[in-house]
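Counting from 1, position 71 in the sequence shown corresponds to residue 81 in my numbering; the numbering is continuous, with no gaps.
All residues carry an ideal CB built from backbone N, CA and C; glycine is no exception.
One structure below.
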Amino acid sequence: MEEKIRDGIEKIRPFLQRDGGDIEFVEYTDDNIVKVRLLGHCVGCPHRQATINGMVAQVLQESYPEVAGVVAVD
């Protein structure tokens with residue numbers, strides 16, 4: 011499952027990099043939560059949570075229904 015999630019994140023990465031940000035996979039928990047770390051300009055961005063909910067979670071949950079949610083960690 012982690013490899014699938016990493017592939018999904020690779021699809022998202024170019025959109026974040028275009029604005030000076032990036033994303034890193036951290037962990038897939040036993041309760042099906044994906045933990046990611048936002049990097050670059052995404053750190054401290056006021057739209058950080060919208061990026062997680064509106065893009066990252068949407069892409070991963072649509073691609074992999076097993077994913078219960080996505081959270082950002084520092």
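Three-state secondary structure assigned by DSSP to residue i
i     : result
Ala78 : coil
Val44 : strand
Val36 : strand
Gly18 : helix
Gly30 : coil
Gly64 : helix
Beta-carbon separation (whole angstroms), residue i vs residue j, contact threshold 8 Å
i     : j     : result
Leu49 : Ile33 : 7 Å
Val81 : Lys21 : Contact doesn't hold; Cβ gap of about 19 Å is too wide.
Glu76 : Met11 : 7 Å
Val66 : Val83 : Rounded, the Cβ-Cβ distance is 13 Å, inconsistent with contact.
Beta-carbon proximity of residue i to residue j, cut-off 9 Å
i     : j     : result
Gly30 : His51 : yes
Arg16 : Phe35 : yes
Burial state of residue i (16 or more Cβ within 10 Å)
i     : result
Gly54 : exposed
Ile43 : exposed
For residue i, the nearest candidate out of the options (CA to CA)
i     : options                    : result
Ala78 : Leu26, Asp41, Glu13        : Asp41
Ala89 : Glu37, Tyr38, Leu26, Tyr74 : Since the displayed the chain opens at 11 and closes at 84, residue 89 lies outside it and no answer follows.
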